[in-house]
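Visitor: Residue numbers (my numbering): 704 to 887. Even glycine gets a Cβ: it sits at the ideal position worked out from N, Cα and C. Given the structure is predicted, the values throughout are model-derived calculations rather than measurements.
1) From this set, 836, 874, 796 and 739, which residue's C-alpha is nearest residue 850's C-alpha?
2) Measure the beta-carbon distance from residue 799 to residue 869 and round it to whole angstroms, keeping in mind my assumption that it falls under 8 Å.
3) Could you tell me the alpha carbon to alpha carbon distance between residue 873 and residue 831, rounded to whole angstroms?
4) In this structure, how does DSSP classify residue 859 when only helix, strand and coil are distinguished?
5) Would DSSP call residue 728 helix, strand or coil?
6) Would you mind reading off the limits of the alpha helix (DSSP H) that contains residue 807?
7) Buried or exposed: residue 804, going by 16 or more other Cβ atoms within 10 Å of its Cβ?
8) Note the first and the last residue of the continuous alpha helix (DSSP H) segment covering residue 738.
9) Which of the three DSSP states, helix, strand or coil, is assigned to residue 761?
10) Could you check whether residue 724 and residue 773 sit closer than 8 Å to each other, using their CB atoms as the reference points?
11) Under 8 Å between the Cβ atoms of residue 764 and residue 770?
12) So residue 793 packs on residue 829, CB below 8 Å; how close in whole Å?
13) Is DSSP giving residue 789 helix, strand or coil here?
14) Helix, strand or coil, according to DSSP, for residue 867 in the structure here?
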């Protein structure tokens, strides 16, 4: 069962995050909406650097993966504050689909994949996308996926049709949901 106790550490985390949001994030919401693409990128990089300096970068990941390592419940309480601004997820390195893709790579990626994709993703140097939805299948039910991945020597061959790929514009790589064992 989850422990919903707001410990002194969680209270401090929330106070620090709230102060950061008040000082840096909320005042920049209007600025970023009116900025050019280049100005917006620079502002985001500045906000991310400030977040990293505070030690509040990638709260969803363990320290070994480059995150805060705070665990689920502290992150829940932190998200109550982050959820108040559209700018907070990217400022704190916790924006979708990158956050979920980083967790997938951390839990299931090879050492080579972690080096090539996870590290730069967690650092905020690259973006990723998530490809699950298929036109022939209603909704996003992973149990009905038709895209297949078949082993061909040392490689995997993916055959299928995806659309509505979240985060595709600007992504360096994709996490593709497909079936590799139809009997599983």
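Guide: Per the coordinate set shown:
1) 836
2) 7 Å
3) 8 Å
4) If DSSP states are grouped into helix, strand and coil, residue 859 belongs with the strands.
5) helix
6) Its alpha helix (DSSP H) spans residues 801-811.
7) Looking at its Cβ environment, which holds 16 or more other Cβ atoms inside 10 Å, residue 804 is buried.
8) Run containing residue 738: none; DSSP gives neither H nor E here.
9) Looking at residue 761 - three-state DSSP - the assignment turns out to be coil, as it is neither helix nor strand.
10) Not closer than 8 Å, so no.
11) yes
12) At roughly 13 Å, the Cβ-Cβ gap does not stay under 8 Å, so residue 793 and residue 829 are not in contact.
13) coil
14) Annotated three-state conformation of residue 867 is coil, per DSSP.
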